[in-house]
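Have a look at the structure below before the remarks.
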Ligand SMILES: [Mg+2]
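In our numbering, the protein residues as written are 69 to 334.
Rendered as structure tokens:
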């Protein structure tokens with residue numbers, strides 16, 4: 069199928085996963101077809117997610133399972149953006165990580181020494197925080213002491229919750245708030261959408277050209293794209309409405325019922 073004029077106008081698309089490409093374990097309507105058409109037209113693709121619990125490889129497997137071709141370097145998680153940020157800064161030294169093994173791996177791959185479970189944990193130069201199911205008091209205590217001793221504090225995101233079938237689960241923002249409260253210090257920076265490092269990572273992956281970010285949340289996907297200086301398309305598969313889009317500041321460049329409607333629509 070031929071692309072809409074709106075989709076044709078861009079060289080690259082940064083595509084949000086949850087609420088845009090898929091909802092839970094199901095693609096949004098005709099999303100696989102839309103991705104195929106974008107590929108056939110030679111568009112560069114990056115898949116963006118604030119999820120820090122899973123590795124890019126996990127998302128590649130899910131994408132293929134649902135019928136969407138994807139390569140690991142096309143998946144930009146908030147953890148991958150943490151790695152990009154730390155690698156760009158040529159950070160060295162010790163890092164204490166609250167987070168999944170995927171996040172620990174990203175920090176280690178950026179060149180930092182992981183001091184978790186060592187006598188040096190509370191003397192870390194850097195504390196990185198991502199929500200994970202095994203989060204416990206000991207981690208909170210170690211992170212607090214390291215930050216009080218002067219460690220830089222980086223949050224993977226400020227997301228309060230993430231959607232799960234049985235209801236919202238506490239996300240990285242909730243864990244980060246615990247460290248901030250205990251240490252009396254706000255994070256030095258956060259990385260995931262809508263913050264700049266996420267978009268810098270994605271734009272580095274797709275390269276030069278006109279880029280459109282597509283997502284379902286005004287305050288995350290549209291605000292983040294605006295800060296990064298790129299166009300944004302809001303899709304309505306995540307609960308946002310046209311009325312909210314019209315009232316939003318910044319406003320999305322495009323509004324479409326779904327990702328497929330954006331790619332194929334008028
Ligand atoms: Mg989303």
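Don't be surprised by glycine CBs; every beta carbon is placed ideally from N, CA and C.
Measuring C-alpha to C-alpha distances from residue 308 to each of 71, 183, 284 identifies 284 as the nearest.
Residue pairing by DSSP puts residue 181 in a beta bridge opposite 162. For residue 285, the Cβ falls inside the 7 Å cut-off from some heavy atom of ligand 1. Pairing residue 151 with residue 183 gives a Cβ-Cβ distance that is not under 8 Å. Checking the 7 Å criterion, the Cβ of residue 333 is out of range of every heavy atom belonging to ligand 1.
A residue is called buried once 16 or more other Cβ atoms fall within 10 Å of its Cβ, and residue 267 is buried on that count. Residue environment: residue 103 is assigned as buried (16 or more neighbouring CB atoms within 10 Å of its CB, all protein chains considered).
In this structure, residue 92 has its beta carbon at no less than 7 Å from each heavy atom of ligand 1. When the five nearest sequence neighbours on each side are left out, the beta carbons in the same chain lying within less than 7 Å of the beta carbon of residue 237 are those of 229, 230, in order along the chain. The Cβ-Cβ distance between residue 75 and residue 265 does not fall below 8 Å. Across the set 146, 70, 180, 193, the C-alpha of 193 shows the shortest separation from the C-alpha of residue 217. A direct Cα-to-Cα measurement between residue 133 and residue 109 gives close to 23 Å. Proximity of the segment 271–287 to the segment 242–253 falls short of the contact definition, fewer than three beta-carbon pairs being nearer than 8 Å.
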